[in-house]
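Sequence lines, in order, name chains R and A.
For the first sequence, the positions run 13 to 532 when this note's numbering is used.
For the second sequence, the positions run 14 to 177 when this note's numbering is used.
Here is the structure we will look at.
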Amino acid sequence: MDSDGNPKRTPPALCLIPREDGIPRAIIPHDIPERYVKDARTLMSSGGRFLGLWASGEPEPRIMAAFLLREGLFVLGLHLPPSKGSRTFPSLTSFLPAAGRFERTVRDLYGFLPEGLEDVRSWIGQGLWALPPLSLPPGAPVPETLRTDLPEYPFVRVSGPGVHEIPVGPVHAGIIEPGHFRFQVVGEKVLRLEEQLGYTHKGVDGLFRGREIASAARLAARISGDSTVACSIAFAQAVEQALDFTPAAGARFLRALLLERERIANHLGDLGALGNDAGLGFGLSQFGRLKEDLLRRNRKHFGVRYLFDLVAPGGVRANLDDKTVLDLLEEIRFLTSEVTDLQKIYDDHGGLQDRFQNTGVLLPEVAQRLGAGGVVGRASAQAWDLRTDHGGDPYRRFPPALALAHEGDVWARVRIRFLELQESLALSRALLEHLPEHSIAEPLPANSEPSEGLGIVEGFRGEVLAWVRLAPQGVISAAHVQDPSAILWPALEVVVPGNLVADFPLINKSFNLSYSGNDL
Amino acid sequence: MWKLLVKIFRTGLLTEKKSRTVDPTSPSGFERSLAIRHVDAGSCNGCELELAALENPYYALSSEGVKFVAPPRHADLLLVTGPVTKSMEEPLKKTFEAMPNPRRVLAVGDCACDGGVFRNSYAVHNGVAPVILVDHQLPGCPPTPEEIRLAIQQIFRKPRPERK
Ligand code: SF4
């Protein structure tokens, strides 16, 4: 017994088993709410980062909260005992404000009530459903609230002389995903920004239930199209951990290569769009052509422009012959020199620098408080990158250098992308030069007992996380894939106030967050 | 500055020549130009990436007189992606209603055609057709820019069903 009168438990670190395919990851079951809160606190105070929170009805109601430490990934799974009314769980927001939106989502979708949560406005569900949709059995019709009964979303308003409000969205100008932004503005200056998301909520967690592994993998690949490789790898890792299977070295190399191609394509696209948003159309066309060249090479060698469905549980569906490897190496040489040229132009361009510098500053201490990772975090001195920290094989053999900046402005986020492009190209070259002669796909073992697994991978935007619960015979009983956008959206809200309204598109682009990956 | 200019000259003109298939029976209106309002009705953003590619130097859709516009009142074509989530139903309808006649609707991607991988979820409408009348559908997950370009070409000069 420890001082609280609870039975002694194994300290979390002891549950971690090193893994060949990436960072150690473990699920820690909890039955006592107070212990769950206490462990969450301990994980946070030992330098952990909160990555997300979700619920599951399988096999019994549970709350899952994910934390990334240097040692590995921990997911606390709190079982919710049956109760007469709605099931409740303790909110983590008193010390972890980032948990708020996730807890509101759980309330919307499952009806479990977060105790101690102050902001109880409907979030992802937008009050559309009369009953929490995932509290019903799969396939059951979900009663909807009458449109006329839908209340206005109570935005927090600022009042005072000259303050006015600008509503934007859900339909935006241009080819962008839907979401609503509410600005409180005085003159040209933003005083407050509030997001209202959930417009792309497709009920993904519900759709996972009861699917075969292969069809669930197709769904996981479409959580956020720009991160399809990252989502697929995270999902595959989770299934593989649940089945106690390690993919062959050949598969791990190819996965790493595909992931870097996805990162390169996205960074190229973002750098072009950022130049354009700051008034340099030249950037858009130059980076646009480089990205298009890359996509066409993807088509030629992998059959698809965006790398959908190439990574599957068990391995990869792509093979490289010698000619392809040589062609890809040639591409890397070409891209490296092109990107270097363009970086010089961006560096020297006074107009760009003027728009980029000191715009949309995310201070390092704020980034840390919000748990920002990925490109946004690294531009604000948050030194986390799964590939450099403990990526497992092949990252251990060819670790990319960590890209880091401290200013936290748009320019820092641009620079991080340039740095990461070069590192990605170097890593891709190393991977291509050392491709092992191993099989790239193997049949998955069967499972006779239900089991669970986790996966996590450094996508182009940040850490993509997956959790899977398998029923016997390879059927998914529940799964959840978490894009880092959900953690980063609140950071955008913090960064924009104090800037001009006209700078919002630029700042937003420098974050480039996914709506679909947030709303699920 | 000279670095920038050198780069521009070295890159040259990349826009590819395209054939244009025109149906001579169509009414005037969409002959030389077309303004498109795109609405993402809950896509995974894969289709958006390919739509955005249409504006890169290789495809340069605007050189064919086709451009994406913001106000629905300026638009001839409503291009919809995504399975139409329940919360995008209203905004989609409103955008459509704000468009002047003649107008057309093109559903792009498996999701917009029939819900795609998200089909039969409680949160989606299984595509655009259950919500507004669709003129053209383009399957694919995601369809390539070339396929999207050809689908847009079909809108030019084709008989249009009368509609209120
Ligand atoms: S059709 Fe495919 S790529 Fe397009 S939005 Fe749907 S899932 Fe994404």
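C-beta: ideal position from N, C-alpha, C; glycine also.
8 Å Cβ cutoff met for residue i and residue j
i: C124/A; j: G237/R; result: no
i: G191/R; j: Y211/R; result: yes
i: G467/R; j: Q208/R; result: no
i: S392/R; j: G362/R; result: no
i: Y318/R; j: L62/A; result: yes
i: G199/R; j: G172/R; result: no
i: V197/R; j: R267/R; result: no
i: I535/R; j: A413/R; result: The first residue shown for chain R is 13 and the last is 532, placing residue 535/R beyond what the model contains.
Inter-residue Cα distance where the pair is residue i and residue j
i: P145/R; j: L129/R; result: 21 Å
i: W135/R; j: L431/R; result: 36 Å
i: A77/R; j: G137/R; result: 20 Å
i: T22/R; j: G215/R; result: Reliability of the predicted coordinates at T22/R is poor, the pLDDT of 43 falling under 50, and the value obtained from them is presented with this limitation in mind. So the two alpha carbons sit approximately 36 Å from each other.
i: P93/R; j: E464/R; result: 20 Å
i: A490/R; j: R132/A; result: 18 Å
i: G372/R; j: V422/R; result: 6 Å
i: V19/A; j: L354/R; result: 11 Å
i: F299/R; j: R162/A; result: 21 Å
i: R408/R; j: A503/R; result: 31 Å
i: S68/R; j: W396/R; result: 28 Å
i: P174/A; j: L286/R; result: Caution is warranted here: a pLDDT of 48 is assigned to P174/A, below 50, making its placement in the model unreliable, and the coordinate value is therefore given only provisionally. One C-alpha to the other measures close to 42 Å.
i: A65/A; j: L283/R; result: 14 Å
i: A514/R; j: L296/R; result: 19 Å
i: K80/A; j: N288/R; result: 17 Å
i: E72/R; j: P455/R; result: 30 Å
i: L477/R; j: T157/R; result: 32 Å
i: L203/R; j: V132/R; result: 23 Å
i: P155/R; j: E224/R; result: 27 Å
i: A263/R; j: R169/R; result: 52 Å
i: R221/R; j: V251/R; result: 14 Å
i: H87/A; j: L105/A; result: 16 Å
Three-state secondary structure (DSSP) of residue i
i: V49/R; result: helix
i: G315/R; result: coil
i: I519/R; result: helix
i: V351/R; result: helix
i: K214/R; result: coil
i: P37/A; result: Confidence in P37/A is poor, its pLDDT being 48 and thus under 50, which makes the residue's placement too unreliable to answer from.
i: P145/R; result: helix
i: T98/A; result: strand
i: H5/R; result: With chain R represented from 13 up to 532, any question about residue 5/R goes unanswered, as that position is not in the structure.
i: A490/R; result: strand
i: D531/R; result: helix
i: E419/R; result: coil
i: I30/A; result: The displayed chain sequence assigns Lys, not Ile, to residue 30/A. In this structure, K30/A counts as coil in the three-state DSSP scheme.
i: V387/R; result: helix
i: K201/R; result: strand
Per DSSP, cross-strand counterpart(s) of residue i
i: E127/R; result: P102/R
i: S68/R; result: R74/R
i: G465/R; result: V480/R
i: K80/A; result: A48/A
i: E156/R; result: W141/R
i: A453/R; result: G327/R
i: I39/R; result: V87/R
Closer than 9 Å at the beta carbon, the chain A residues around residue i
i: F294/R; result: L17, K20, I21
i: I235/R; result: C57
i: D533/R; result: No information on residue 533/R is available, as it lies outside the stretch 13 to 532 that chain R covers here.
i: K312/R; result: Within 9 Å Cβ-Cβ: nothing; K312/R doesn't reach chain A, min ~13 Å.
Amino acids of chain A, ordered along the chain, whose beta-carbon sits closer than 7 Å to that of residue i
i: F238/R; result: Rather than Phe, the amino acid found at residue 238/R in this sequence is Asp. Result: N58, L62.
i: G557/R; result: This structure leaves residue 557/R out entirely; chain R is present only between 13 and 532.
i: R230/R; result: V130
i: L219/R; result: F131, S134
Contacts that residue i makes with chain R (C-beta to C-beta distance below 8 Å)
i: L119/A; result: Going along chain R, no residue has its Cβ under 8 Å from L119/A, so there is no contact; the nearest lies around 14 Å.
i: V137/A; result: K214, G215
Amino acids of chain R, ordered along the chain, whose beta-carbon sits closer than 7 Å to that of residue i
i: F109/A; result: Neighbours of F109/A on chain R: none; closest Cβ ~11 Å, over 7 Å.
i: V93/A; result: Within chain R, no residue comes near V93/A; the closest Cβ sits about 11 Å away, beyond 7 Å.
i: S100/A; result: Q138, L140, G210, Y211, H213
i: L51/A; result: The amino acid occupying residue 51/A in the given sequence is His; Leu does not appear at that position. Those within 7 Å of H51/A in chain R are I187.
i: P96/A; result: K214
i: A142/A; result: None at all; the shortest Cβ gap to chain R is about 17 Å.
Where residue i meets chain R, residues with beta-carbon distance less than 9 Å
i: P155/A; result: G237, R317, Y318, F320
Neighbour list for residue i in chain A, Cβ cutoff strictly below 8 Å
i: E207/R; result: In chain order: nothing, as chain A lies at least about 14 Å away.
i: S526/R; result: N58
i: P145/R; result: Y135, A136
_So if I measure from each beta-carbon to every heavy atom of ligand 2 and keep distances below 6 Å, which residues remain?_
Absent from the structure shown: ligand 2. Ligands present: ligand 1.
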